[in-house]
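For any residue, its number in our numbering is found by taking its place in the sequence shown, counting from 1, and adding 201.
Here a beta-carbon is modelled for each residue, glycine too, at the ideal position from N, C-alpha and C.
As structure tokens, the structure follows; a few thoughts come after it.
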Amino acid sequence: MGVAEPAGQERILITGATSAIGGELALYYAKPGTELTLHGRNAAILEPLAERCRLAGAQVQTYQLDLRDLDALHACLSQCAAFDLVIVNAGMNIHVGPNGEPEAWEDTELLLDINVKASLRVVQSVLPAMRARGRGQIAFMSSLAAYFGLPTTPSYSASKAAVKAYGEGLRGWLAPEGIKVNVVMPGYVSSPMCDAMPGPKPFLWTPKKAARRIARGLKANKARISFPFPLNLGCWFLAVLPARVSVFILSKIGYDA
Numbered sequence: 202m203g204v205a206e207p208a209g210q211e212r213i214l215i216t217g218a219t220s221a222i223g224g225e226l227a228l229y230y231a232k233p234g235t236e237l238t239l240h241g242r243n244a245a246i247l248e249p250l251a252e253r254c255r256l257a258g259a260q261v262q263t264y265q266l267d268l269r270d271l272d273a274l275h276a277c278l279s280q281c282a283a284f285d286l287v288i289v290n291a292g293m294n295i296h297v298g299p300n301g302e303p304e305a306w307e308d309t310e311l312l313l314d315i316n317v318k319a320s321l322r323v324v325q326s327v328l329p330a331m332r333a334r335g336r337g338q339i340a341f342m343s344s345l346a347a348y349f350g351l352p353t354t355p356s357y358s359a360s361k362a363a364v365k366a367y368g369e370g371l372r373g374w375l376a377p378e379g380i381k382v383n384v385v386m387p388g389y390v391s392s393p394m395c396d397a398m399p400g401p402k403p404f405l406w407t408p409k410k411a412a413r414r415i416a417r418g419l420k421a422n423k424a425r426i427s428f429p430f431p432l433n434l435g436c437w438f439l440a441v442l443p444a445r446v447s448v449f450i451l452s453k454i455g456y457d458a
């Protein structure tokens with residue numbers, strides 16, 4: 202016989218909790234009756250964030266695992282109690298050089314390890330417990346760049362397209378088992394990573410605003426949580442227009458490499 206879960210107890214895992222959106226999501230969900238498991242690379246940010254969440258009434262544990270160590274990641278998460286919500290948020294970005302220099306292969310490999318391989322490994326590690334209970338929710342952090350690759354950030358765009366497709370595939374597969382899967386597709390959200398990206402940043406949102414939109418979308422179990430609307434619509438059109446037209450448009454608004 203399994204151990205009964207505390208009434209109303211909600212267990213939430215957030216990877217990349219030291220990022221702008223990840224931190225705001227942690228604070229949003231921090232309340233009495235919530236167990237937060239927060240992952241982040243930067244202890245100087247992670248521990249103060251965890252303390253703020255504890256002050257809000259949540260139980261909190263933190264991890265600083267290297268997401269590239271897929272075996273350690275799997276071993277750690279497989280030992281955790283079943284999560285009600287897993288937000289796969291950890292990620293990084295790289296871009297071409299100011300004079301058209303290509304992305305370094307070492308950087309590309311690191312990006313794919315973190316944005317794609319680690320994201321899939323997190324899900325494969327937490328999914329058996331969710332399937333055993335017949336419930337749970339998984340949110341993937343993709344990007345509006347997943348609709349059509351930006352010339353300035355081709356590897357990042359590719360990684361987010363992979364996550365988008367994977368999440369959409371899982372949603373159809375797991376829905377009959379009571380497991381919800383959502384793909385989050387933000388536009389530009391103020392953060393050090395966003396600031397470092399080349400090109401214009403229209404409709405820039407604050408992390409707090411983005412986190413609230415994401416949380417509402419997850420509660421409503423929206424398949425895609427994409428924002429802001431004008432940029433979402435424009436990026437969607439880039440995907441359906443002939444590629445030559447989309448590339449021309451991007452070059453005219455400052456996204457040429």
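| field | L432 versus S358 - alpha carbon distance | value | Taking the first residue of the sequence shown as 1, we reach residue 432 at position 231. Taking the first residue of the sequence shown as 1, we reach residue 358 at position 157. Going from the Cα of L432 to the Cα of S358 covers about 15 Å.
| request: From the DSSP output, read off the bridge partner residues of R253. | output: The residue you call residue 253 lines up with position 52 of the sequence shown. None, per the DSSP bridge assignment.
| query | Would the stretch 250 to 261 and the stretch 272 to 283 be scored as touching if the rule is three or more Cβ pairs under 8 Å? | reply | no
| said: Considering just the uninterrupted stretch of the alpha helix (DSSP H) at V441, what are its terminal residues? | reply: For the purposes of this step, residue 441 is identified with residue 240 of the sequence shown, where counting begins at 1. First-last of the alpha helix (DSSP H) with V441: F430 to V441.
| Can you list, in chain order, the residues of its chain whose CB lies under 7 Å from that of A218, leaving out five sequence neighbours each side? | If you number the sequence shown from 1, residue 218 lands on position 17. Same-chain partners within the cutoff: G224, A227, L239, H240, G241, L247 and L250.
| Going by alpha carbons, who is nearest to A421 out of I215, G368, A340 and A346? | Taking the first residue of the sequence shown as position 1, residue 421 is located at position 220. Residue A340 is the option with its Cα nearest to A421.
| message | Measuring alpha carbon to alpha carbon, tell me which residue in P377, M342, Y348 and S360 is nearest F438. | response | Numbered from 1 along the sequence shown, position 237 holds the residue referred to as residue 438. Answer by Cα proximity: Y348.
| query | With a cut-off of 8 Å, do at least 3 Cβ pairs link the stretch 353 to 371 to the stretch 254 to 268? | reply | no
| Terminal residues of the beta strand (DSSP E) in which L375 lies | The count along the sequence shown starts at 1 and reaches residue 375 at position 174. L375 -> not in any beta strand (DSSP E); alpha helix (DSSP H) instead, spanning P355 to L375.
| said: Am I right that L345 and G388 are in contact with their C-beta atoms under 8 Å? What's the rounded C-beta distance? | reply: In the sequence shown, counting from the first residue as 1, residue 345 sits at position 144. In the sequence shown, counting from the first residue as 1, residue 388 sits at position 187. The Cβ separation is near 5 Å, so the contact holds.
| What first and last residue would you give for the beta strand (DSSP E) that runs through P387? | Your numbering for residue 387 matches position 186 in the sequence shown. P387 -> beta strand (DSSP E) spans I380 to P387.
| Environment of F284 [buried if 16+ CB atoms lie within 10 Å] | Taking the first residue of the sequence shown as position 1, residue 284 is located at position 83. Under this definition F284 is a buried residue.
| field | A330 versus P429: straight-line alpha-carbon distance, rounded | value | To locate residue 330, count along the sequence shown from 1; it is residue 129. To locate residue 429, count along the sequence shown from 1; it is residue 228. Approximately 34 Å between the Cα atoms of the pair.
| query | Where does G337 sit, in a helix, a strand or coil, going by DSSP? | reply | Position 136 of the sequence shown holds residue 337. Of the three classes helix, strand and coil, the one that applies to G337 here is strand, per DSSP.
| Where do the ends of the beta strand (DSSP E) carrying V287 lie? | Translated into positions along the sequence shown, residue 287 becomes position 86. L286 to V289 is the span of the beta strand (DSSP E), which, as asked, contains V287.
| Would the C-beta of G217 count as close to the ligand MG, meaning under 7 Å from any of its heavy atoms? | The model depicted lacks the ligand MG and carries no ligand whatsoever.
| query | Just reading off the alpha helix (DSSP H) that H275 is part of, what are its end residues? | reply | Taking the first residue of the sequence shown as 1, we reach residue 275 at position 74. Note, H275: alpha helix (DSSP H), L271 to S279.
| query | Any idea what DSSP makes of T235, helix, strand or coil? | reply | Here residue 235 corresponds to residue number 34 of the sequence shown, with the count starting at 1. Note: T235 maps to strand in three-state DSSP.
| query | What span of residues does the beta strand (DSSP E) with E211 cover, start to end? | reply | What you label residue 211 is simply residue 10 of the sequence shown in a count that begins at 1. Taken as a continuous stretch (DSSP letters only), the beta strand (DSSP E) holding E211 covers E211 to I215.
| query | Where DSSP assigns a beta bridge to W406, which residues make up the other side? | reply | Position 205 of the sequence shown, counted from the start, is the residue given in the question as residue 406. Answer is V390.
| Residue from N300, A411 and C436 whose Cα sits closest to the Cα of D457 | Stepping through the sequence shown from its first residue, residue 457 is reached at position 256. Checked all of N300, A411 and C436; the closest Cα to D457 is N300.
| field | Sub-8 Å separation of I288 and I215 beta-carbons | value | Counting from 1 along the sequence shown, the entry for residue 288 is found at position 87. Counting from 1 along the sequence shown, the entry for residue 215 is found at position 14. Yes, they are a contact pair.
| Where G234 falls, given that 16 or more other Cβ within 10 Å makes a residue buried | Taking the first residue of the sequence shown as 1, we reach residue 234 at position 33. It is exposed - the Cβ of G234 has fewer than 16 other Cβ atoms within 10 Å.
| field | When S326, K453, L451 and R413 are compared against Y229, the one with the closest alpha-carbon | value | The residue you call residue 229 lines up with position 28 of the sequence shown. Nearest option by C-alpha distance: R413.
| query | What do you get for E310, buried or exposed, if any count of 16 or more other CB atoms within 10 angstroms of its CB means buried? | reply | One-based indexing of the sequence shown puts residue 310 at position 109. Exposed, by the Cβ-count rule.
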